[in-house]
Amino acid sequence: MTAFNVAGLLREAPGASREYRLRDHYVSLGPEVELAGPLNGTIRLQHTNRGIWVRGRVSTALRRTCARCLEPYVEEVAVAINEEFLPSLDPETGAPSSEERSDEVLRIDEHNELELDSVLHDELLLTEPMHPLCRPSCPGLCAECGQALAGPPHDHAEPDIDPRLAVLGRLLDHDPE
159 MTAFNVAGLL
169 REAPGASREY
179 RLRDHYVSLG
189 PEVELAGPLN
199 GTIRLQHTNR
209 GIWVRGRVST
219 ALRRTCARCL
229 EPYVEEVAVA
239 INEEFLPSLD
249 PETGAPSSEE
259 RSDEVLRIDE
269 HNELELDSVL
279 HDELLLTEPM
289 HPLCRPSCPG
299 LCAECGQALA
309 GPPHDHAEPD
319 IDPRLAVLGR
329 LLDHDPE
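Count along the sequence shown from 1, then add 158; that gives the number in this note's numbering.
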């Protein structure tokens with residue numbers, strides 16, 4: 159889990175900030191985002207009038223499957239984070255915050271923990287291309303046998319024709335000229 163305790167930062171004046179480095183940080187972000195390596199990057203937390211503004215840049219390697227040859231491959235990606243988190247509780251009184259109550263608002267929990275996993279999940283999921291390719295020139299799969307065309311060359315024997323359709327095959331072989 160990628161979480162930061164921001165209790166001290168919330169008690170400071172707006173404008174106060176902290177910077178954290180993610181180095182070789184391993185986390186599970188769900189089945190849609192399969193990490194092939196650790197998260198690395200820098201996260202800056204800044205106290206605003208409303209909450210904590212989080213910005214930074216995170217890079218990692220993701221496991222993907224090529225849309226043409228169906229082979230797995232690893233792709234290096236980097237994402238920018240730029241989000242504002244609002245406290246669930248008022249830092250002065252401990253009472254529930256009077257800020258907007260919406261599912262779309264990112265919240266700092268009642269223990270003053272700011273959890274970034276959902277933001278990282280969403281940002282990394284957005285890097286998924288419509289048609290992921292292991293390389294731009296990937297030839298894909300053979301339409302007849304399903305083998306990867308990038309592999310060794312392969313021949314196709316004459317296809318077995320259903321004996322009931324053999325007459326039609328002979329018509330195709332017949333040249334009217």
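Backbone N, C-alpha and C fix where the C-beta goes; we use that ideal spot for every residue, glycine too. Only a predicted model underlies this, so the values are computations on that prediction, with no experimental measurement involved.
With 16 other Cβ atoms within 10 Å as the buried cut-off, status of residue i
{"i": "Arg169", "result": "exposed"}
{"i": "Pro245", "result": "buried"}
{"i": "Gly209", "result": "buried"}
{"i": "Arg328", "result": "exposed"}
{"i": "Leu330", "result": "exposed"}
{"i": "Leu326", "result": "exposed"}
{"i": "Leu278", "result": "buried"}
{"i": "Asn270", "result": "buried"}
{"i": "Leu180", "result": "buried"}
{"i": "Ile319", "result": "exposed"}
Bounding residues of the alpha helix (DSSP H) (the contiguous stretch that carries residue i)
{"i": "Asp267", "result": "Element bounds for Asp267: n/a, residue is neither H nor E."}
{"i": "Ser276", "result": "275-283"}
{"i": "Ala171", "result": "Premise fails: Ala171 is in no alpha helix (DSSP H) and is neither H nor E."}
Identified DSSP bridge partners for residue i
{"i": "Tyr178", "result": "Ile201"}
{"i": "Pro230", "result": "Thr223"}
{"i": "Thr218", "result": "Val235"}
{"i": "Leu299", "result": "Ala306"}
{"i": "Pro245", "result": "Ile266"}
{"i": "Ala315", "result": "Paired residue(s): none; Ala315 is not in a bridge."}
{"i": "Asn240", "result": "Arg213"}
{"i": "Leu272", "result": "Phe162"}
Simplified DSSP assignment, three categories, for residue i
{"i": "Arg213", "result": "strand"}
{"i": "Pro287", "result": "coil"}
{"i": "Leu193", "result": "strand"}
{"i": "Leu187", "result": "coil"}
{"i": "Asp331", "result": "helix"}
{"i": "Pro294", "result": "coil"}
Residue range of the unbroken beta strand (DSSP E) whose run includes residue i
{"i": "Asn163", "result": "161-163"}
Check whether the segment 185-204 touches the segment 294-311, counting contact only when three or more Cβ pairs, one atom from each stretch, lie closer than 8 Å. no
Taking three-plus beta-carbon pairs below 8 Å as touching, is the segment 203-219 in contact with the segment 263-283? yes
Does the segment 292-299 come within contact of the segment 225-234, defined as at least 3 CB pairs closer than 8 Å? yes
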